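Working notes, structure below.
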Amino acid sequence: MMEETARAKLNLALHVRGREPDGYHRIETIFAFCTDGDLLRVAAGEDLGLELVGPFAAGLAAEHDNLVLRAARALAERHAPGRGARLTLDKRLPVASGIGGGSADAAAALRLLDRWWGLDLGEAGLLDIARGLGADVPACLLSRPTRGTGRGDVLEEIEDAPFRGLPALLVNPRVAVSTPAVFRAWDGVDRGPLPGDVRDGRNDLQPAAIAVAPIVADCLRLLGERFGATLVRMSGSGATCFALFDNEVDRDRAAAKMAEERPGWWRLATRLA
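For the sequence shown, counting from 1, position 160 maps to 150 in the working numbering; every step adds exactly one.
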């Protein structure tokens, strides 16, 4: 058996620059990844199969063919015809929450099966498959600090990213937010490119997500009041929000206070990888 972590994705900033005729949006974003996430395991199997376990497995149970299986099949069809594997996804991250759960899971499947089947394709060999699975999957395949443009799939790695290793607190009010609904609610205004310092950036989808799910504003407000957070923002199209801290003591105090005031909300105290 082998296993692979599907790291939670954060958009430290997300600027929406316009809408293409095909309906897709042009964005500029800074991807960061947490040390924690979903966990994918693989064991021997004659065909490709997937078992869902974990606290958020029920949110995926209705999907007949989710991204993990699509990734596995795409890799097998191109590089390992006839090979099988039994995959188990321990779903620890909330579904439809703006932290790349499905994309990260698909990317983890590519990395894991590349090792399991002894293909030795590496990132360069897997990126083409990743691009066919979704805009965030290539960044999740790398799972390192990256600047994304285009649809988020034109990537430039960020060397010596200043935010690496920072303690982070992720909070989700247990509200699933539809990405298409949030993009439809975006006001269409191009507010300019990403600045050099991510702290001077923004998430252009934040107001739209609040319009769709007003509880996001409450989440941001509570995080902003907590023990010296250096950056508070929503990730992706929501509803997960995050706070970055200079030290673990402040992060853990914030997590404890959030647990006390909003015991039903999901929380993850982690670090940026």
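Backbone N, C-alpha and C fix where the C-beta goes; we use that ideal spot for every residue, glycine too.
Fair warning: this is a prediction, and the values are worked out from it, not measured in the lab.
Would you list the residues sitting across from residue i in a DSSP beta bridge?
| i | result |
| --- | --- |
| Phe173 | Bridge partners of Phe173: none, in fact. |
| Cys24 | Leu262 |
| Phe295 | For residue 295 there is no data in the structure shown, the boundaries of the chain being -9 and 263. |
| Met(-9) | For Met(-9), which the question treats as bridged, DSSP gives no partner whatsoever. |
| Trp256 | Asn162 |
| Leu0 | Ala22 |
| Ile17 | Val6 |
| Leu30 | Glu(-6), Leu79 |
| Asn193 | Leu4 |
With a cut-off of 8 Å on the beta carbons, I'd call residue i and residue j a contact; round off their distance for me.
| i | j | result |
| --- | --- | --- |
| Ile17 | Arg134 | With 8 Å as the limit, Ile17 and Arg134 do not qualify as a contact, their Cβ atoms being about 19 Å apart. |
| Arg223 | Phe232 | 6 Å |
| Gly124 | Leu57 | 7 Å |
| Ala47 | Lys(-1) | The pair is not a contact, with the Cβ atoms about 20 Å apart (cut-off 8 Å). |
| Ala94 | Arg(-3) | 6 Å |
| Arg101 | Gly35 | At roughly 18 Å, the Cβ-Cβ gap does not stay under 8 Å, so Arg101 and Gly35 are not in contact. |
| Val202 | Ala171 | 5 Å |
| Gly191 | Ala22 | Their Cβ separation, rounded to whole angstroms, is 12 Å, which puts Gly191 and Ala22 out of contact at 8 Å. |
| Ala114 | Ala61 | That belief does not hold up - the Cβ atoms of Ala114 and Ala61 are roughly 17 Å apart, past 8 Å. |
| Ser262 | Ala129 | Per the sequence shown, the amino acid found at residue 262 is Leu instead of Ser. At roughly 14 Å, the Cβ-Cβ gap does not stay under 8 Å, so Leu262 and Ala129 are not in contact. |
| Met(-8) | Arg73 | Going by Cβ atoms, the distance from Met(-8) to Arg73 rounds to 14 Å, so no, they are not a contact pair. |
| Arg164 | Trp255 | 6 Å |
| Leu59 | Ala97 | Actually they do not touch by this definition, with Cβ atoms about 14 Å apart. |
Tell me which residue opens and which closes the alpha helix (DSSP H) that residue i is part of.
| i | result |
| --- | --- |
| Val43 | Note, Val43: premise wrong, no alpha helix (DSSP H); beta strand (DSSP E) at 38 to 43. |
| Asp80 | No alpha helix (DSSP H) contains Asp80, which is instead part of the beta strand (DSSP E) from 75 to 80. |
| Leu210 | 205 to 214 |
| Ile89 | That residue, Ile89, is in no alpha helix (DSSP H); it is neither H nor E in DSSP. |
| Ala198 | 196 to 202 |
| Ala64 | 57 to 69 |
| Asp240 | 238 to 251 |
Using the rule of at least 16 other Cβ atoms within 10 Å of the residue's Cβ for burial, across every protein chain shown, is residue i buried or exposed?
| i | result |
| --- | --- |
| Asp187 | exposed |
| Met248 | buried |
| Asn237 | exposed |
| Val6 | buried |
| Val179 | exposed |
| Val239 | exposed |
| Leu251 | The question names Leu, yet the displayed sequence has Glu at residue 251. So Glu251 counts as exposed. |
| Ala166 | exposed |
| Pro253 | exposed |
| Val161 | buried |
| Pro45 | exposed |
| Glu215 | exposed |
| Pro84 | buried |
| Asp194 | buried |
| Asp26 | buried |
| Ala33 | exposed |
| Val127 | buried |
| Thr220 | exposed |
| Asp55 | exposed |
| Arg8 | For the record, residue 8 in the displayed sequence is Gly; it is not Arg. Its Cβ having fewer than 16 others within 10 Å, Gly8 is exposed. |
| Gly92 | buried |
Tell me where the beta strand (DSSP E) around residue i begins and ends.
| i | result |
| --- | --- |
| Arg134 | First-last for Arg134: undefined, no H or E at that position. |
| Val144 | 144 to 147 |
Using a Cβ cut-off of 8 Å (strictly closer), state whether residue i contacts chain B.
| i | result |
| --- | --- |
| Pro45 | Protein chains in the displayed structure number just one, and chain B is not present. |
Legend entry - Length at least 3, wholly inside the stretch 91 to 128: the beta strand (DSSP E) runs in chain order: You should have found no qualifying run.
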